[in-house]
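Using the numbering used here, read the sequence shown as starting at 1432 and increasing by one per residue.
By construction, the Cβ of each residue, glycine as well, lies at the ideal position given by its N, Cα and C atoms.
Bear in mind that the values here come from a model prediction, so they are computed numbers and not experimental data.
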Amino acid sequence: CIKYKIRNVYGFIYERGCNVMKRKLQRFLSALSVLALLLSGCSSAGGSPGTDAPDGRALTWVTWGGYDKFWQLLGQTYPDIEIEFIPYDGANYTGYSWAQMRGDDISELFCTSQILDEELMKERLVDLSGYDFISNLSTSVLDQVSVDGGVYLLPVSNTMYGIFYNKTLMEENGWEVPRDFAELSDLCAKIEAEGLIPGMIGTQLAGNAFSAVFNLAKTDWLTTPMGLNWERDFLAGNAAAAGTWEKTMDYVQQYMDIGMFRTAPGNPSNSELIEDYMAQRKIVFLTMAAPMASTHLSNGDEVGMMPYISRDGSKNVYMYNPTSYIGISRRLTEPGNEEKLEQAIRLLALLYSPEGQAAFTSDSTPCIMDVLSNSTLPEDSLIYDAQQAHRENRAFRMTYAHWENVLAEMGTVFSEWLRGENGLDGAGCIARMDEIQGNYLNRQESVYYSESTADFTLEETARLVGKALGVSAGTDAAMVPYSPVYTGEPRLRAGITGKLYEGRINTEISNSIAPGYDGEYAVLTMTGAQAKELAGAGFDRDGDGNVFPYVLVARGGELEDNLVYRVAFPMGAYTEETGEACGARVEKGSLRAFLRSWLEQEGKVSPGGNPWN
1432 CIKYKIRNVY GFIYERGCNV MKRKLQRFLS ALSVLALLLS GCSSAGGSPG TDAPDGRALT
1492 WVTWGGYDKF WQLLGQTYPD IEIEFIPYDG ANYTGYSWAQ MRGDDISELF CTSQILDEEL
1552 MKERLVDLSG YDFISNLSTS VLDQVSVDGG VYLLPVSNTM YGIFYNKTLM EENGWEVPRD
1612 FAELSDLCAK IEAEGLIPGM IGTQLAGNAF SAVFNLAKTD WLTTPMGLNW ERDFLAGNAA
1672 AAGTWEKTMD YVQQYMDIGM FRTAPGNPSN SELIEDYMAQ RKIVFLTMAA PMASTHLSNG
1732 DEVGMMPYIS RDGSKNVYMY NPTSYIGISR RLTEPGNEEK LEQAIRLLAL LYSPEGQAAF
1792 TSDSTPCIMD VLSNSTLPED SLIYDAQQAH RENRAFRMTY AHWENVLAEM GTVFSEWLRG
1852 ENGLDGAGCI ARMDEIQGNY LNRQESVYYS ESTADFTLEE TARLVGKALG VSAGTDAAMV
1912 PYSPVYTGEP RLRAGITGKL YEGRINTEIS NSIAPGYDGE YAVLTMTGAQ AKELAGAGFD
1972 RDGDGNVFPY VLVARGGELE DNLVYRVAFP MGAYTEETGE ACGARVEKGS LRAFLRSWLE
2032 QEGKVSPGGN PWN
């Protein structure tokens, strides 16, 4: 029997050959186990739990979606580089990556979506500024990530944002993209004369309204040294919005007055605005903090993108946000890791080559721009002008980092203003900005409602979540699957993929360990013996022998074999056969809310404590 290693699209290295027959045998045994339990009144998830321990040779990587094509390229280019994929599919990717950073438990290749702590980043990651591949990146990109002369996290690619418009409709009417506010105002009047709505803004998501207001501020003062100082001081509680934001709010009102920031009845989503208004030729412009998935609308019309227009046209700006950042753990600079460091550098050199960057762009990602200095786009590209703006420092980061604690509340206030609700105006929004930030700073300590006294393993974290679910659901027991750290199966949105680390716990931390699915759970009825057998068999979600272990927790500690119990499961955490055999009843309820409430009630949690009595 010949064994050889291959890389699947998720980068996981596993052995084929003997394992092919092993997996077929697992499916056969799994089917027998399901049949046996069905005959006894409850089905099994099949298989047997088990994990592959890391062998130490492979680079570890907690990563995200969107890397599939790059992993294929990596396998073809450097077949000697092995990757141990560590799956995470919980509810808070960004929060979990920085929880790992604080817990000094990052993978050797580190991914995140935001830079939240520059000092910790400098402590935990390799300074990449001295490596040759850095010269492939544009100066504007490097300037934006440089910290005290070092480069620790690099954007994988950038998503560009502006104001979208129906390009075909504009061309048919002979309308040109405006260069200043006077031209924008004149154009909106022409559009209205044709019986159309100039523009709409989505307010279903608070981030849309928040970004629109802040982006207009960036056409004026917010990106100047004065604006950067104000932002720092405001977030620290040493400055107010009042006395600074009045001019911006007046400009937002002007966008509203000329019809650029209309809102739609029923508060539709961004996708509904695209389909029901833009594709139906009811509007020309659409403002949203989201990328387009295509350069054409469903009716065949072409889409264009223009900058946020400043008053005099001297500072028309685009926004950008990295799709993700990547860096290398400083552990690889320790003696004995020389080979792995060399492999990690080769991987990044490939990532920041034309071939590597091409793996992240396609026809379905027209707003994605690579970060290389010598890349070019055709002039008719959706983001051609945005790329030029980025290189000329006329593109700025979308505001998110350090505002995450107040962004949703402020965005909700701005949305109400745009919709004409609650009598809000620009002055009222400014007052609410100061109030929201003040409230956050005053309750900053109280946002931490629990504390972990030690680092949890993944299994211990699943046990903790199971207790929270069982207590909140009022059941006798709970069963929760978890994804072992080293596995060939990358997705488990219905289970636990993130660990709880030592330290204070707020909503961001508790959400980071919760399953990706939320809003429902299920209660199944089974005997104690059936529950134990199912827990021992594990969760064979797809019936293919890829088994996720279960954690079974019970009120009082143990289940008696012959008694019948009600067992809570996260939604989607059991097979269809199990659900049918055990009378699964779906209930409404947020596991994230359950977890927060239980953690707040407990106050402190530890791996070996917090019995469910």
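Which of helix, strand or coil DSSP assigns to residue i
i	result
residue 1608	coil
residue 1746	coil
residue 1660	helix
residue 1629	strand
residue 1752	strand
residue 2023	helix
residue 1462	Unreliable positioning characterises residue 1462 in this predicted model, as indicated by a pLDDT of 35, which lies under 50. The coordinate reading is nonetheless provided below. Here residue 1462 sits in helix by DSSP.
residue 1553	helix
residue 1791	coil
residue 1528	helix
residue 1597	strand
residue 1714	strand
residue 1540	strand
residue 2030	helix
residue 1647	helix
residue 2044	coil
Same chain only: Cβ atoms within 8 Å of residue i, ignoring 5 sequence neighbours per side
i	result
residue 1726	1733, 1734, 1794, 1797 and 1813
residue 1563	1780
residue 1512	1490, 1505, 1774, 1777 and 1778
residue 1509	1774, 1777, 1778 and 1781
residue 1671	1665 and 1865
residue 1882	1934, 1935, 1936, 2034, 2035 and 2036
residue 2039	none
residue 1970	1476, 1912, 1926, 1978, 1979, 1980, 1981, 2004, 2005 and 2006
residue 2044	1986 and 1987
residue 2031	1880 and 1881
residue 1996	1906, 1907, 1908, 1956, 1957, 1958, 1959, 1962, 1985 and 1990
residue 1772	1557, 1759, 1763 and 1764
residue 2018	1904, 1951, 1952, 1953 and 1954
residue 1579	1553
Cβ neighbour criterion (16 or more within 10 Å) applied to residue i
i	result
residue 1457	Residue confidence for residue 1457 is low, a pLDDT of 39 falling below 50, so the modelled location carries little weight and cannot support an answer.
residue 1668	exposed
residue 1791	buried
residue 1874	exposed
residue 1787	buried
residue 1646	buried
residue 1530	buried
residue 1559	buried
residue 1453	With a pLDDT of 37 at residue 1453, under the threshold of 50, the modelled position of this residue cannot be trusted; read the value that follows with caution. So residue 1453 counts as exposed.
residue 1657	exposed
residue 1624	exposed
residue 1507	exposed
residue 1484	The predicted model places residue 1484 with a pLDDT of 41, which falls under 50 and marks its position as unreliable; any figure quoted below should be read in that light. When all chains shown are included, residue 1484 counts as exposed.
residue 1863	buried
residue 2016	exposed
residue 1994	exposed
residue 1694	buried
residue 1488	exposed
Residues bridged to residue i (per DSSP)
i	result
residue 1727	1733
residue 1491	1515
residue 2018	1952
residue 1589	1753 and 1800
residue 2000	1953
residue 1892	Residue 1892 is not bridged to any residue.
residue 1496	DSSP output for residue 1496 lists no bridge partner at all.
residue 2013	Residue 2013 pairs with nothing; no bridge assigned.
residue 1619	Bridge partners of residue 1619: none, in fact.
residue 1581	1578
residue 1683	Looking at the DSSP assignment, residue 1683 forms no beta bridge with any residue, so it has no partner.
Same chain only: Cβ atoms within 6 Å of residue i, ignoring 5 sequence neighbours per side
i	result
residue 1754	1587, 1588 and 1590
residue 1409	Residue 1409 is absent from the model: the chain starts at 1432 and stops at 2044.
residue 1633	1639, 1701, 1704 and 1719
residue 1974	none
residue 1892	1927, 1930, 1931 and 1944
Cβ shell of residue i (< 7 Å), same chain only, five flanking positions each side left out
i	result
residue 2025	1899, 1900 and 1903
residue 1521	1527, 1928, 1929, 1943, 1944, 1945, 1946 and 1947
residue 1523	1939, 1942 and 1943
residue 1894	1982 and 1984
residue 1885	1933, 2037 and 2038
The ligand ATP heavy atom lying under 7 Å from the CB of residue i
i	result
residue 1902	This structure lacks the ligand ATP, and indeed carries no ligand of any kind.
Of all the beta strand (DSSP E) runs that stay within the bounds of the segment 1900 to 1978, which reach a length of 3 or more residues? 1908 to 1912, 1934 to 1936 and 1951 to 1958
To test your reading of the DSSP string, which unbroken alpha helix (DSSP H) runs of 4 or more residues are found completely within the segment 1819 to 1889? 1838 to 1850 and 1857 to 1873
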